Each structure stands twice: as C-alpha cells, then as structure tokens.
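Engineer:
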Amino acid sequence: MSNSLANQVPKSQPFQLKDLFRHGYKDELFKLIKESFRYRNVCGGGGEPVTWLKGVNGNEDFTISRVNIEIHYDRGEALAGACGSVTAIIPLRKLEHLINPNGPLGYLSY
Numbered sequence: 006m007s008n009s010l011a012n013q014v015p016k017s018q019p020f021q022l023k024d025l026f027r028h029g030y031k032d033e034l035f036k037l038i039k040e041s042f043r044y045r046n047v048c049g050g051g052g053e054p055v056t057w058l059k060g061v062n063g064n065e066d067f068t069i070s071r072v073n074i075e076i077h078y079d080r081g082e083a084l085a086g087a088c089g090s091v092t093a094i095i096p097l098r099k100l101e102h103l104i105n106p107n108g109p110l111g112y113l114s115y
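Position one of the sequence shown corresponds to residue 6 (my numbering), numbered consecutively onward.
(1) Under a Cβ-count criterion, where at least 16 other Cβ atoms within 10 Å of its own Cβ denotes burial, should Asp79 be classed as buried or exposed?
(2) Which stretch, first to last residue, makes up the alpha helix (DSSP H) that contains Tyr78?
(3) Pick helix, strand or coil for Leu97, following the three-state DSSP scheme.
(4) Based on the DSSP secondary-structure assignment, which residues constitute the bridge partners of Asp32?
(5) Check the DSSP bridge columns for Asp66 and list the partner residues they point to.
(6) Please return the same chain residues whose Cβ sits closer than 8 Å to the Cβ of Gly60, not counting the five positions on each side in sequence.
(7) Using a threshold of 7 Å, state whether the C-beta atoms of Thr92 and Glu75 are closer than that.
(8) Do Leu113 and Glu65 count as a contact pair if the criterion is CB distance below 7 Å?
(9) What do you reckon, are the CB atoms on Leu103 and Phe26 nearer than 7 Å?
(10) Note down the Cα distance separating Ile38 from Ile94, rounded to an integer number of angstroms.
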C-alpha cells in the first residue's frame, strides 16, 4: 500500500495523520480504531477482533472524505493475516474536539 499523503490547502505541502490533530489525540483515536473493527465485524466471527496494534504512531496511511477518516492497514499489520488488508472507518464528528484548527482539516468545511 502506498503512503496516503495529501496536500495542505494553503501551503501545498504533504502531511501525515499526526498533522490533523491536536497533541494528545493518539489514545482516543486508537480506541476509535478498535471500536471500528468491532462494530463493523472486521474479519467475521463477532466479538472483538484480536489486534496486533499497540497504538497510533501518527504516520498511518489514511484517506479523508467529507464525513469519515479511513485509516488503512496492510495484511497482518493490524489484524490476523487471514483478514487481509483492513480499514478503520471513523466519523469525523467523533474527532471534532481533537482536530487541530491550524492543520489541514481546520481548512476544510466538513
């Protein structure tokens, strides 16, 4: 999977996941990632999927839509390899209080 970097609107510079949020976002984002896997029943079987993730490092691959941020993991990176590549889909409304107003998402009207 290629690195999913986008451009900041005013500066036209690449940015990473960590640039979107205020300091201290990692624990809450990690909780929401695990919740996304559980809610969407990623990898089947019901219950909470076993994850290899220990937390958020800030340079995960991601895409942004008007309503969600999608954080992408390669096969075996987040869940058992049999699950294949997986994506955590998190509504931006759940992250509003963590968004850096001076970061890339601060320039978007969502």
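Using N, Cα and C, we set each Cβ at its ideal position, and we do this for glycine too. All figures in this text were calculated on a predicted structure; none of them were measured in a lab.
Structural biologist: Working from what's here:
(1) As a first step, residue 79 must be located in the sequence shown, where it is residue number 74. The residue in question, Asp79, is exposed, as its Cβ has fewer than 16 Cβ neighbours within 10 Å.
(2) In the sequence shown, the residue the question calls residue 78 occupies position 73. Per DSSP, Tyr78 belongs to no alpha helix (DSSP H); it is in the beta strand (DSSP E), Asn73 to Tyr78.
(3) Along the sequence shown, read from residue 1 onward, the residue named residue 97 stands at position 92. In the three-state reduction of the DSSP assignment, Leu97 falls in the helix class, which pools H, G and I.
(4) By 1-based counting over the sequence shown, the position of residue 32 is 27. Bridge partners of Asp32: none, in fact.
(5) Locating residue 66 in the sequence shown gives position 61, where the first residue counts as 1. Note: Asp66 sits in a beta bridge opposite His77.
(6) Along the sequence shown, read from residue 1 onward, the residue named residue 60 stands at position 55. Cβ within range, chain order: Lys31, Asp32 and Phe35.
(7) As a first step, residue 92 is located in the sequence shown; it is residue number 87 there, counting from the start. As a first step, residue 75 is located in the sequence shown; it is residue number 70 there, counting from the start. The criterion of a C-beta distance shorter than 7 Å is satisfied by Thr92 and Glu75.
(8) Looking up residue 65 in the sequence shown gives position 60. Looking up residue 113 in the sequence shown gives position 108. For the pair Glu65 and Leu113, the CB atoms are not nearer than the 7 Å cut-off.
(9) Numbered from 1 along the sequence shown, position 98 holds the residue referred to as residue 103. Numbered from 1 along the sequence shown, position 21 holds the residue referred to as residue 26. By the CB criterion at 7 Å, Leu103 and Phe26 fall inside the cutoff.
(10) Sequence index remark: in the sequence shown, residue 38 carries index 33 (1-based). Sequence index remark: in the sequence shown, residue 94 carries index 89 (1-based). The C-alpha of Ile94 is placed about 7 Å away from the C-alpha of Ile38.
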